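Protein chains in written order, with the working numbering: chain D, 5 to 113; chain E, 862 to 1513. In this text, a Cβ means the ideal position worked out from N, Cα and C, and glycines have one as well. Computed from a predicted model, the values in this text were never measured in an experiment. One structure is given here, and the rest of the page talks about it.
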């Protein structure tokens, strides 16, 4: 029987993989894809709690829908984020001829 | 009696100072003169009006008052800007504005060629305003404002020709020495306020004071007086103050400001009689100053320095007067001295003016017949007044002080040491009398020396300088002051049946010293005789040395007879050098030490730069964490979040 914990562990694993990808990968495109992965891991958590509510007191229909709504929001925001992120990557590539994030370290003192 | 016009007395000269100070540069010269003279003349007229009002009122209530406004009221402290014109302050107002007006008039002639005349008249008006505030104020705080104000004007006017470094230095010296005294004055006010909660004269008058508090306050206030009135040990600034224009010396450093200390002691007579020990101190300081300054005066060659030391000496007499409890005699001498000393100073100014800036008596002589008749005659009259060879004003006022010193019983119950068995100070009054009489002899000597060297004999100056008489704006004040020096005697005549004498006029105004009324130790006429003989002895000794025609031979003879003493006297008894060695240089060394060790090393080095260096050191370490690698930031953030999650969710 597949319970909420299975979903949550899967979400945590996806989130961790995405985080590791964000931190370790050098290609900016891969980093963006890792961020998508993390966002979708979060979506999975939302849906899990929407399907298996924590409170014993009867969940309302609105409570069910809140998780779904949040997930749709995240998808919309992620789409926007991907568009802006890809635009930035292209802009950076035009000026630096590289998408290697290790070379972009001007964000300091 | 409450009036509503008293504030105009100090305000008008202040307005004049503001007008001349702000607009004087662009106003026509005649306007500057008109404003400066008019405001003082108006103040004088109001003063005369008030004086007659007060003279008509009776006894202790003879005063007109005005509460201009409450200056500050915090907690129990309430300071009013209140003005009181009583018989003492009213007369002081007349002296300040009257003599002040004459000196303003004289300055029109004296400063005519100076390009900064408008600045000069602005300062002079400001001085008159501040002096009037000082004498009129009915509390110590407002008096202190005037006290500081006249000090400021003194500084500004001594250093009036500030592009001459020595003159600017003399101004600074006056200011700094006065600061020492003013510090005492301020602490004295604090002591009185701390123990009584009062600062105004009419409430302090009835406030109960213990002997210790009264003595401390009186002594501290007297420290202020020694600064402002040039007494030992703070007199050193006054001879140097002669760097200022001569009318300033006459007004500020002879007639009015330097008498502020005497006025203050007389105004606070109720306080001083409660501190008999301090009164003895005042009298002793006064007589020692009188003697020392007179001695130094005998060996000075600069005509203004002779008069400066003479002023210090005469101020000493005034302090003897107020010190022995003869407040009326002390203040009477203040008034007569204002007349004849202003006349002497203005006379010396006319001489300096006539000789194109020459101040050295060695290059004067014969000026009475050499073109300066008016100056010579008025100088002669004033010299007669100060030396007392004829019974005119100075004779009576000085003799009254000495007689009161001889006869006083203010010290009879004091002992030399706190131990009640030690000898009583009954000898103090007669001792002061003897020293004071000796000083009168020296006074007569140096003043006649000054007169003879300047106006008699042959002209010793360079041939290309032709002495010329001053214009009428300068000789007129001389004549008025000379006349006042003569008729000033009227207020100090010793005749007890006259209805108008200063002593009768101010009856009830001054507190009576403890120890009872003065005992007549020698008859009055004998005292007068002694004073006359002493004065004539001084004249005779001066004549024997400096008779017309002998030139400077007298100084040479004195120099041979008492070479070391005379050299010392000519060098002002090395007091300046002594202060330099004892006070100035240790202070310099201390200041240097504080600068180098405390300021440069400790504060600048350790605290200010040390803080900056510490921050920089932390920064150089912390900087390594911010390398611009966003992935690193994200990794650190993620680790941080994990730690927080662990701490709050897992362990919490």
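- The C-alpha of residue 1315 of chain E lies about 15 Å from the C-alpha of residue 1400 of chain E.
- Unbroken alpha helix (DSSP H) runs of no fewer than 4 residues, entirely contained in the region 1133-1170 of chain E, are found at 1137-1158, following chain order.
- Per DSSP, the beta-bridge partners of residue 104 of chain D are D:31.
- If you look at residue 1092 of chain E, you'll find it isn't in any beta strand (DSSP E); DSSP assigns it neither H nor E.
- Interface with chain E (7 Å Cβ-Cβ cutoff): residue 111 of chain D is included.
- The beta carbon of residue 1202 of chain E sits closer than 8 Å to those of 1111, 1115, 1116, 1168, 1171, 1172, 1175, 1243, 1247, all from its chain and outside the five residues before and after it, given in chain order.
- DSSP places residue 930 of chain E inside the beta strand (DSSP E), whose first and last residues are 924-935.
- If you draw a 10 Å sphere on the C-beta of residue 874 of chain E, you find 16 or more other C-beta atoms in it, and that means buried.
- In the structure shown, the three-state DSSP call for residue 947 of chain E is strand.
- Legend: CB atoms of the region 23-48 of chain D lying less than 7 Å from CB atoms of chain E belong to residues 23, 26, 27.
- Residues of the region 1487-1499 of chain E whose Cβ lies closer than 9 Å to any Cβ of chain D, in chain order: 1487, 1488, 1489, 1490, 1491, 1492, 1493, 1494, 1495, 1496, 1499.
- Residues of the same chain with a CB within less than 6 Å of the CB of residue 1059 of chain E, apart from the 5 flanking positions on each side, are 1065, 1068 in chain order.
- DSSP places residue 1488 of chain E in the coil class of the three-state scheme, outside both helix and strand.
- In the DSSP annotation of this structure, residue 1220 of chain E is not part of any alpha helix (DSSP H), being labelled neither H nor E.
- Taking C-alpha positions only, residue 1392 of chain E is separated from residue 1223 of chain E by approximately 30 Å.
- By the neighbour-count criterion, in which a residue is buried when 16 or more other Cβ atoms sit within 10 angstroms of its Cβ, residue 1470 of chain E is exposed.
- The C-alpha of residue 975 of chain E is placed about 16 Å away from the C-alpha of residue 1332 of chain E.
- Here residue 957 of chain E is not near residue 1196 of chain E, since their CB atoms are 7 Å or more apart.
- Among the residues facing chain E, residue 93 of chain D is not included, as its CB has no counterpart in that chain under 7 Å away.
- At a cut-off of 7 Å between C-beta atoms, residue 105 of chain D counts as an interface residue with respect to chain E.
- Taken atom to atom, the span from the alpha-carbon of residue 1281 of chain E to that of residue 1138 of chain E is near 14 Å.
- Within the DSSP bridge table, the entry for residue 938 of chain E names E:935 as partners.
- Burial check for residue 1027 of chain E: the Cβ neighbour count within 10 Å stays below 16, so the residue is exposed.
- Apart from sequence neighbours up to five positions away, the residues of its chain that approach residue 1409 of chain E with a beta-carbon distance below 6 Å are 1317, 1318, ordered along the chain.
- By the C-beta criterion, the region 82-93 of chain D is judged not to be in contact with the region 944-953 of chain E, since fewer than 3 inter-stretch pairs fall below 8 Å.
- The beta-bridge partner set that DSSP reports for residue 1000 of chain E consists of E:1061.
- In the DSSP assignment, the residues bridged to residue 1285 of chain E are E:1276.
- Taking a cut-off of 8 Å on C-beta distances, the region 1121-1133 of chain E touches the region 1072-1092 of chain E, as three or more cross pairs fall below it.
- Annotation: the continuous alpha helix (DSSP H) that includes residue 1098 of chain E extends over 1098-1101.
- With fewer than 16 other Cβ atoms from the protein chains shown falling within 10 Å of its own Cβ, residue 1474 of chain E counts as exposed.
- For residue 97 of chain D and residue 38 of chain D, the gap between their C-alpha atoms comes out near 19 Å.
- Distance from the CA atom of residue 71 of chain D to the CA atom of residue 48 of chain D, rounded to whole angstroms, is 10 Å.
- Residue 1286 of chain E and residue 1183 of chain E have their C-alpha atoms spaced approximately 17 Å apart.
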